[in-house]
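> Take a look at the following structure, please.
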Amino acid sequence: MAARVVAIVQARMGSSRLPGKVLADLGGQPALAWVTRRAARAQCIDQVVVATSTDEQDDAIAEFCQAAGLPCTRGSLHDVLDRFHQAAEESRAEIVVRLTGDCPLIDPSILDDNLGVFLAAQPGLDFAANRLPGQPRSIPIGLDAEYCTRAALDAAWREAKAPHQREHVMPFLYENPQRFNILHMEHHPSYGQYRWTLDTPEDLQLLREVATHFADDAFSWLDVIRLFEQQPHLAQINAAVPHKSQYDVDPRQ
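Heads up: the sequence shown begins at 1 in my numbering, then just goes up one per residue.
Rendered as C-alpha cells:
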C-alpha cells in the first residue's frame with residue numbers, strides 16, 4: 001500500500017516585512033489559496049493541510065481554511081516544528097511535504113517530480129529538498145519544498161533544541177547527514193537567480209504582475225520562466241530584496 005503523502009503548508013499573519021502577506025490579494029484570491037490549490041494538483045499528494053498558530057491574529061487564516069474546506073491545525077506560534085508534528089499526527093501523514101504560505105507559485109509538477117525521486121529511492125531517503133543551505137540554488141526562490149518521512153519528523157520533534165531548528169522545522173535533519181539519508185535535488189538548467197516568494201512589498205508587486213498576465217492559476221513555473229525571459233524588467237522589481245537564512249528566527253514577544 002502506498003505511503004500517505006500530506007503537504008503541510010505553514011502560514012501565519014505576522015511578518016516583519018509584510019504583515020498579513022499570506023492573505024494578500026493576488027488576482028482576486030488570497031496568496032494562501034494559490035499555494036493550497038496549486039499543491040493539491042500534484043498527483044503524488046494525498047492531502048493538503050494548513051498549519052497556523054493559536055495566536056489571535058491567525059484567526060483569519062483559520063477562517064479562510066474553514067471557508068475553503070481546508071483542514072487546519074493550530075499550534076505554537078514560534079515552535080513551528082511542534083505545530084508541524086501536530087499537523088502530521090492529525091492528518092495521519094506518512095510522508096510529509098513542507099510548504100510555506102508565502103510561495104504562491106509553488107508548482108505541482110516540481111512536487112510530483114521530487115516526490116517521485118523521494119519515494120523510489122533505494123535505500124530509502126529520510127529527507128530531501130530542492131534547496132539546501134550551502135548548495136547552489138537551481139530553482140527560483142519560492143518553489144522550495146522539503147520532504148521527509150514521518151519517522152524523521154518524529155526524531156526532529158523529539159530531539160531538536162536550537163531555536164532555528166524549532167522554527168524552520170527541518171534543519172535538524174539536514175544538519176545531521178551522518179544520521180539521516182538526505183538528498184539535495186538540483187534542477188538543470190539553473191533558474192536560481194529569480195525570486196518568486198512573498199515577503200516584501202516588492203515581492204507582492206511582482207507576483208501581482210505575474211497574476212495579471214495569466215487568466216487563472218493553472219499556469220506552470222516554466223510559463224513564468226518564459227514570461228520573465230520575454231519581459232526581463234520583471235526580475236528587477238524585487239532584485240534587491242535580501243533573502244532570509246535558515247538561522248533567522250523571529251523575535252520573541
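The beta carbon of each residue, even a glycine, is placed where N, CA and C say it ideally should be.
1. Select from E56, A40, Q57 the residue whose C-alpha is nearest the C-alpha of G69.
2. So, for E94: in the same chain, excluding its five sequence neighbours on each side, which residues have a beta-carbon less than 6 Å away from its beta-carbon?
3. Going by the CB atoms, is the gap between D102 and L198 shorter than 8 Å?
4. Per DSSP, what kind of secondary structure is H243 in: helix, strand or coil?
5. In angstroms with no decimal places, state the Cα-to-Cα distance between S53 and Q231.
6. Could you compute how far the alpha carbon of A11 sits from the alpha carbon of F64?
7. Could you check the C-alpha separation between A33 and N181 for me, to the nearest Å?
8. Output yes or no for whether 8 Å exceeds the beta carbon distance between F172 and Q165.
9. Measuring only the C-alpha atoms, how far is V35 from Q122?
10. Can you tell me whether T100 is buried or exposed, with buried defined as 16 or more other CB within 10 angstroms of its CB?
11. So Y147 is in the beta strand (DSSP E); what residue range does that whole segment cover?
12. Let me make sure I understand the geometry here. Which of V50, H78, K21 has the alpha-carbon closest to that of V97?
13. If you drop the 5 nearest sequence neighbours on each side, which residues of the same chain put their C-beta closer than 6 Å to that of P71?
14. Pick helix, strand or coil for T36, following the three-state DSSP scheme.
15. Near E159, what residues of its chain come up, given a Cβ to Cβ distance below 8 Å and the 5 sequence neighbours on each side ignored?
16. Can you tell me the Cβ-Cβ gap for E141 and W196, rounded? I've got them flagged as a contact below 8 Å.
17. Of all the beta strand (DSSP E) runs that stay within the bounds of the stretch 89 to 176, which reach a length of 3 or more residues?
18. Hey, out of P201, E209, S220, F118, whose CA is closest to C44's CA?
19. Does C65 come out as helix, strand or coil in the three-state DSSP assignment?
20. Alpha carbon to alpha carbon, what distance is there between G20 and I225?
21. Which word fits D25, buried or exposed, when buried means at least 16 other C-beta atoms lie within 10 angstroms of its C-beta?
22. With H, G and I counted as helix, E and B as strand and the rest as coil, what does DSSP make of R195?
23. Tell me which residues share the same chain as A7 and place their Cβ nearer than 6 Å to its Cβ, disregarding the 5 neighbours each side in the sequence.
24. Between which two residues does the beta strand (DSSP E) containing H213 stretch?
25. Of the residues A152, P30, H187, D223, which one's Cα is nearest the Cα of R137?
If we stick to the structure as given:
1. Cα-wise, what sits closest to G69 is A40.
2. If the five residues before and after E94 are omitted, its C-beta is found closer than 6 Å to the C-beta atoms of A3, R4, R150, all from its own chain and listed in chain order.
3. Contact annotation: L198 and D102 have beta-carbon atoms nearer than 8 Å.
4. H243 falls in the coil class under three-state DSSP.
5. Going by the C-alpha atoms only, they are around 39 Å apart.
6. Answer to the nearest angstrom: the Cα atoms are 11 Å apart.
7. If you draw a straight line from the Cα of A33 to the Cα of N181, it is about 33 Å long.
8. A contact, by the Cβ cut-off of 8 Å.
9. Each residue's CA atom was taken as its position, placing V35 and Q122 some 30 Å apart.
10. Buried is the call here.
11. Start and end: 146 to 149.
12. Among V50, H78, K21, the Cα nearest to that of V97 belongs to V50.
13. The answer, listed in chain order, is V49.
14. In the structure shown, the three-state DSSP call for T36 is helix.
15. Same-chain partners within the cutoff: F172.
16. For the sequence presented, residue 141 should be read as Ile rather than Glu. Contact flag correct, Cβ pair sits at about 6 Å.
17. Listed in chain order, the complete beta strand (DSSP E) runs (minimum 3 residues) inside the stretch 89 to 176 are 95 to 100, 127 to 129, 146 to 149.
18. Considering only P201, E209, S220, F118, the residue with the shortest C-alpha distance to C44 is F118.
19. Note: C65 maps to helix in three-state DSSP.
20. CA-to-CA, the gap between I225 and G20 works out to about 27 Å.
21. Around the beta carbon of D25, fewer than 16 other beta carbons sit within 10 angstroms, so the residue counts as exposed.
22. DSSP places R195 in strand when its eight states are reduced to three.
23. Once the five neighbours on either side are set aside, the close Cβ partners of A7 are A39, I45, V48, V97, L99.
24. For H213, there is no enclosing beta strand (DSSP E); the residue is found in the alpha helix (DSSP H) stretching over 201 to 213.
25. Nearest of A152, P30, H187, D223 to R137, Cα basis: H187.
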